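S.K.: Got a structure for you, written out below as structure tokens; questions coming shortly.
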């Protein structure tokens, strides 16, 4: 014998749906700014690590090859024949690393060996140097820098300034390291 039972309803009531959407809205309002900071912090960390890796690469290549290796800023490293240049103390557009076959710190495909090309920074991240490596940073075969005993500094920042920025220092002995704080995002000292 068949019994007529009322059909069970499934789903959400309008009140349950409204409460869920309200809670979700509050959570997104709190999480969105924090997520943006995480993204910005990761961009700065990525650019800092990329520059630090290339500095270490240039230093090790100088020791391995027994020649001077130069890391120079470039206005446009992606051209068919890349060259050193660009705006003074600004490394955000990219850089070149080459083994120097002559005495200057300018890349010349006839005499120098191009080792690596670094593209422009991602997002709104800027990379600025102090006056020491204005055009380029030279590593000697003994791994020291060829910068008259001065310490080269690179500040990696975004629009949030020195509070969130990072700085890389390269003392005359040539070993790059992260500094404990950033002195300036436009003219690190």
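Numbering (this note's numbering), first residue to last: 3 to 191.
Where is the CB? At the ideal position from N, CA and C, for every residue including glycine.
Here the structure is a predicted model, which is why all the values come from computation and not from measurement.
Quick check: residue 57 and residue 170, are their CB atoms within less than 8 Å of each other?
M.R.: Taking the chain shown and counting its residues from 1, the one referred to as residue 57 is at position 55. Taking the chain shown and counting its residues from 1, the one referred to as residue 170 is at position 168. In contact: residue 57 and residue 170 (Cβ atoms closer than 8 Å).
S.K.: Do you know how far the Cα of residue 26 is from the Cα of residue 1?
M.R.: Missing from the structure shown is residue 1; the chain here goes from 3 to 191 and no further.
S.K.: From residue 140 to residue 23, what does the alpha carbon distance come to, in whole angstroms?
M.R.: Taking the chain shown and counting its residues from 1, the one referred to as residue 140 is at position 138. Taking the chain shown and counting its residues from 1, the one referred to as residue 23 is at position 21. C-alpha separation (whole angstroms): 58 Å.
S.K.: Secondary structure at residue 49, three-state DSSP: helix, strand or coil?
M.R.: Position 47 of the chain shown, counting from 1, holds the residue named residue 49. Here residue 49 sits in helix by DSSP.
S.K.: Please look up how many angstroms separate the CB atoms of residue 187 and residue 138, rounded, as I've assumed it's under 8 Å.
M.R.: The residue given as residue 187 occupies position 185 in the chain shown. The residue given as residue 138 occupies position 136 in the chain shown. 21 Å between Cβ atoms; not a contact.
S.K.: Give me the Cα-Cα distance between residue 47 and residue 163, rounded to the nearest whole angstrom.
M.R.: For the purposes of this step, residue 47 is taken as residue 45 along the chain shown, with counting starting at 1. For the purposes of this step, residue 163 is taken as residue 161 along the chain shown, with counting starting at 1. Using only the alpha carbons, I get a separation of about 14 Å.
S.K.: May I ask which residues mark the beginning and end of the beta strand (DSSP E) holding residue 111?
M.R.: For this step, residue 111 is matched to residue 109 along the chain shown. Segment: none, residue 111 is in no beta strand (DSSP E) and carries neither H nor E.
S.K.: Who does residue 97 pair with in a DSSP beta bridge?
M.R.: In the chain shown, counting from the first residue as 1, residue 97 sits at position 95. Beta-bridge pairing links residue 97 to 75, 120.
S.K.: Tell me where the beta strand (DSSP E) around residue 138 begins and ends.
M.R.: Here residue 138 refers to the residue found at position 136 when the chain shown is read from its first residue. Where residue 138 is concerned, the enclosing beta strand (DSSP E) stretches over 138 to 141.
S.K.: Check for me: the beta strand (DSSP E) holding residue 131 runs from which residue to which?
M.R.: As a working mapping, residue 131 is identified with position 129 in the chain shown. Here the beta strand (DSSP E) through residue 131 covers 128 to 131.
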